[in-house]
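*Asks:* Numbering (my numbering), first residue to last: 25 to 622.
The beta carbon of each residue, even a glycine, is placed where N, CA and C say it ideally should be.
Please read these numbers as outputs of a predicted model, since none were measured by experiment.
1. Return helix, strand or coil for residue 590, following the three-state DSSP convention.
2. Suppose the cutoff is 7 Å on Cβ atoms and the five residues either side in sequence are ignored; what does the same chain contact list for residue 510 look like?
3. State the DSSP-derived secondary structure class of residue 391, mapped to helix, strand or coil.
4. Would you check if there are 3 or more beta carbon pairs closer than 8 Å linking the stretch 528–544 to the stretch 333–342?
5. Does the beta-carbon of residue 280 have 16 or more other beta-carbons within 10 angstroms, so that it is buried, or is it exposed?
6. Please look up how many angstroms separate the CB atoms of residue 597 and residue 406, rounded, as I've assumed it's under 8 Å.
7. Does the pairing of the stretch 451–466 with the stretch 429–438 give three or more beta-carbon distances under 8 Å?
8. Taking the straight line between their C-alpha atoms, what separation do you get for residue 273 and residue 214?
9. Is the beta carbon of residue 140 sitting closer than 8 Å to the one on residue 471?
10. Can you tell me which of 169, 351, 473 puts its alpha carbon nearest to the alpha carbon of residue 517?
11. Are residue 55 and residue 48 touching if we call contact CB-CB under 8 Å?
12. Pick from 410, 316, 292, 364: whose alpha carbon is nearest that of residue 447?
13. Verify whether the separation of the beta carbon atoms of residue 420 and residue 574 is less than 8 Å.
14. Quick one: Cα of residue 377 to Cα of residue 501, how far?
15. Going by DSSP in three states, residue 382 sits in which element: helix, strand or coil?
16. Should residue 610 go down as buried or exposed, given a rule of 16 or more other Cβ atoms within 10 Å for buried?
17. Does residue 391 pass the burial test, meaning 16 or more other C-beta atoms within 10 Å, or should it be called exposed?
18. Can you tell me which of 492, 614, 227 puts its alpha carbon nearest to the alpha carbon of residue 602?
19. What's the C-alpha gap between residue 169 and residue 218?
20. Straight-line CA distance for residue 70 to residue 304?
21. Let me check understanding here. Comparing Cα to Cα, which of 546, 581, 512, 112 lies closest to residue 479?
22. Return the Cβ separation of residue 284 and residue 195 in integer angstroms, given the expectation that the two are a contact with Cβ distance under 8 Å.
23. On the DSSP bridge list, what partners appear for residue 448?
24. Please classify residue 465: is it buried, with 16 or more other beta-carbons within 10 angstroms of its beta-carbon, or exposed?
25. Determine whether the beta carbon atoms of residue 36 and residue 342 lie at a separation below 8 Å.
26. Taking the beta carbon of residue 295 as the centre, do at least 16 other beta carbons fall within 10 Å, making it buried, or is it exposed?
27. Once you ignore the five residues that flank residue 538 on each side, which residues in its own chain have a CB closer than 7 Å to its CB?
28. Closest by CA to residue 75, which one among 85, 53, 66?
29. In chain order, what residues of the same chain have a beta carbon less than 8 Å from the beta carbon of residue 593, not counting five sequence neighbours either side?
30. Based on Cα-Cα distance, which residue from 113, 293, 259, 206 lies nearest to residue 276?
31. Using the Cα positions of residue 175 and residue 63, report the straight-line distance between them to the nearest angstrom.
32. On the DSSP bridge list, what partners appear for residue 575?
33. Assuming residue 588 and residue 409 form a contact by the criterion Cβ under 8 Å, report the distance between their Cβ atoms to the nearest whole angstrom.
Written as structure tokens, this is what we have:
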């Protein structure tokens, strides 16, 4: 077991388990009862043999036989109860920990999700958290029970034969070096196994969904895909096999010494029986107590082996819990008065976070190389038209979507600031910002849930009547009428039961339902046909009347009537004006417009 990791993880784990301390105390008490029954059984057997069988006393045999059965039943009940209790406490702790992880994941910056595969997160929040469950009983239950059993067994053996007790304890000394080696080896292998499981989960999660299936059906290459799965499965197998092989080696060592210990007891005890120093019952009791003695000794000695895997799991869980949220609420947020009207960029420059700034290294692709990020925006300054439309245009990679991300505070500027009605976004609470600013992205994401549930992400308390009215405003009435269960129709994985244009209209309806004062439309009509686009554009003029609109568009025909048009090129704002003025004086805009005209 890595002592550095243990020092870092165990104190924190102890603090996290404080809410469960009463349950853990009860769990330890039951384990101690089970351990004591294990020590009592050989002592009762000794009395049965020496005072019952040797004297041919039927009543004595009956009494001690019944006592032995009672002790056995108590031990069985205590062991079963401890197992069940440990599972209950561990499961409660794991579910609470998964909830904490999910809660923390909600606060992490957008860059985190652009870097970390979804499968890797699923592995961390599911597989590794459950692997950590066993650490509870290994750290807080087994040591208490094993210590009591060890002390009781040694004391009982010493009262029978100090010589045999000393020899039995000495026989266990050679166990320590190989067990220490096994502990260090298992810790390293547990980390490799966790990483291999993460790679498999990430690979499968990307392929076992609608998008992955579509790629597979469109491009084939089934054998290459299977080869990738086999390669990752093989790495997982190798790490798991190596870890289990190490456990097997430790089991061979422990089993051998346990057998030797019992043999030594019979040899020494048997010799002393022939001299009259020990009774037969004492020898049998010593043999039973040696087994009881070696079991807690082995458990305590191998705690490093068993705890190693759980420590690695908790280490990785805490690594994720400790990853900072770069974009969060300020300590003292400034209250935001609504309605709001103006977004302003003041000398904003921005570069995307580096690879290892975005997420813990263990969640990232091992093959990823850190490269210096270029400036996505450079010294950009502008203000939107209050209650009007500001359009942002430019070639692919010019920085348009980056502007949208900064307005919604998916990222914070590297230099300069973004202001909402004169207040730096970093001084606002995220709830105020989300209420004031809404965004429709180019690639609308829908949950595998009902249409109503997808819409209510924007307004949880909205009634069905409000949902239908919003659908009508987003030109979704015909789609809603075709759905077999209306608002209760399941959308399918990522909304693939709908066409791209229909998904886009659901996203538009969602933001209309939210009712923000400022709305960002990032290629919001890109998937729509011309007729539907015109219908929705007209509906938006009504639905968003008097609200500030920021429109990012490749299709310049949609922004001809914008109050101002901003032209970006390689992260710089190079031109601004109305459509007419830019056609006359804007070289870059005129070139973009002429290229878009059929």
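*Replies:* Answer, in terms of the structure:
1. Looking up residue 590 in the chain shown gives position 566. The answer is strand: DSSP assigns residue 590 an E or B state.
2. In the chain shown, the residue the question calls residue 510 occupies position 486. Contacts found: 504.
3. For the purposes of this step, residue 391 is taken as the residue at position 367 of the chain shown. At residue 391, the pLDDT of 47 sits below 50, so the modelled position is not reliable; the number obtained from the coordinates is stated separately. Reduced to three states, the DSSP call for residue 391 is coil.
4. Contact between the stretch 528–544 and the stretch 333–342 is absent, because fewer than three Cβ pairs lie under 8 Å.
5. Indexing the chain shown from 1 puts residue 280 at position 256. Residue burial is scored here from C-beta neighbours: residue 280 has fewer than 16 other C-beta atoms within 10 angstroms and is therefore classed as exposed.
6. Looking up residue 597 in the chain shown gives position 573. Looking up residue 406 in the chain shown gives position 382. Indeed they touch by this definition, with Cβ atoms about 6 Å apart.
7. Taking a contact to require three or more Cβ pairs closer than 8 Å, the stretch 451–466 and the stretch 429–438 qualify as touching.
8. Here the question's residue 273 lines up with position 249 in the chain shown. Here the question's residue 214 lines up with position 190 in the chain shown. When the Cα atoms are used, residue 273 and residue 214 turn out to be separated by approximately 16 Å.
9. In the chain shown, the residue the question calls residue 140 occupies position 116. In the chain shown, the residue the question calls residue 471 occupies position 447. Not in contact: residue 140 and residue 471 (Cβ atoms no closer than 8 Å).
10. In the chain shown, counting from the first residue as 1, residue 517 sits at position 493. Nearest C-alpha to residue 517 among 169, 351, 473: 473.
11. Here residue 55 corresponds to residue number 31 of the chain shown, with the count starting at 1. Here residue 48 corresponds to residue number 24 of the chain shown, with the count starting at 1. No. Outside cutoff.
12. Locating residue 447 in the chain shown gives position 423, where the first residue counts as 1. Each of 410, 316, 292, 364 was checked against the Cα of residue 447, and the nearest Cα belongs to 364.
13. Numbered from 1 along the chain shown, position 396 holds the residue referred to as residue 420. Numbered from 1 along the chain shown, position 550 holds the residue referred to as residue 574. The beta carbons of residue 420 and residue 574 sit no closer together than 8 Å.
14. Here residue 377 refers to the residue found at position 353 when the chain shown is read from its first residue. Here residue 501 refers to the residue found at position 477 when the chain shown is read from its first residue. In this structure, the straight-line span from the alpha carbon of residue 377 to that of residue 501 is close to 42 Å.
15. By one-based count along the chain shown, residue 382 stands at place 358. Helix at residue 382.
16. By 1-based counting over the chain shown, the position of residue 610 is 586. Under a 10 Å Cβ-count criterion, residue 610 is classified as buried, with 16 or more other Cβ atoms of the shown protein chains found around its own Cβ.
17. Translated into positions along the chain shown, residue 391 becomes position 367. Its pLDDT being 47, under 50, residue 391 is placed unreliably by the model, and nothing is read from it.
18. By 1-based counting over the chain shown, the position of residue 602 is 578. If we check each option's Cα against that of residue 602, 614 comes out closest.
19. For the purposes of this step, residue 169 is taken as the residue at position 145 of the chain shown. For the purposes of this step, residue 218 is taken as the residue at position 194 of the chain shown. Distance between the alpha carbons of residue 169 and residue 218: 30 Å.
20. What you label residue 70 is simply residue 46 of the chain shown in a count that begins at 1. What you label residue 304 is simply residue 280 of the chain shown in a count that begins at 1. Between the alpha carbons of residue 70 and residue 304 lies a distance of about 8 Å.
21. Here the question's residue 479 lines up with position 455 in the chain shown. The shortest Cα separation from residue 479 among 546, 581, 512, 112 belongs to 512.
22. For this step, residue 284 is matched to residue 260 along the chain shown. For this step, residue 195 is matched to residue 171 along the chain shown. Indeed, because the Cβ distance is near 6 Å, the residues count as touching under 8 Å.
23. Taking the first residue of the chain shown as position 1, residue 448 is located at position 424. DSSP lists 443 as partners of residue 448.
24. Counting from one through the chain shown, the residue named residue 465 turns up at place 441. Buried, because 16 or more other Cβ atoms sit within 10 Å of the Cβ of residue 465.
25. Residue numbering aside, residue 36 sits at position 12 when the chain shown is read from its first letter. Residue numbering aside, residue 342 sits at position 318 when the chain shown is read from its first letter. Yes, the Cβ-Cβ distance between residue 36 and residue 342 is below 8 Å.
26. Taking the chain shown and counting its residues from 1, one reaches residue 295 at position 271. Counting other Cβ atoms within 10 Å of its Cβ, residue 295 stays below 16 and is therefore classed as exposed.
27. Taking the chain shown and counting its residues from 1, the one referred to as residue 538 is at position 514. Contacts found: 462, 482, 483.
28. Here residue 75 is taken as the residue at index 51 of the chain shown, counted from 1. Nearest option by C-alpha distance: 85.
29. Counting from one through the chain shown, the residue named residue 593 turns up at place 569. Non-local C-beta neighbours of residue 593 in its own chain, meaning closer than 8 Å and more than five positions away in sequence, comprise 418, 419, 422, 612, ordered along the chain.
30. Position 252 of the chain shown holds residue 276. That would be 206, whose Cα lies nearest to the Cα of residue 276.
31. As a position in the chain shown, residue 175 is number 151, starting the count at 1. As a position in the chain shown, residue 63 is number 39, starting the count at 1. Between residue 175 and residue 63, the C-alpha separation is close to 10 Å.
32. To locate residue 575, count along the chain shown from 1; it is residue 551. For residue 575, which the question treats as bridged, DSSP gives the partners 415, 545.
33. As a working mapping, residue 588 is identified with position 564 in the chain shown. As a working mapping, residue 409 is identified with position 385 in the chain shown. The C-beta separation of residue 588 from residue 409 comes to about 6 Å, placing the pair in contact by the 8 Å criterion.
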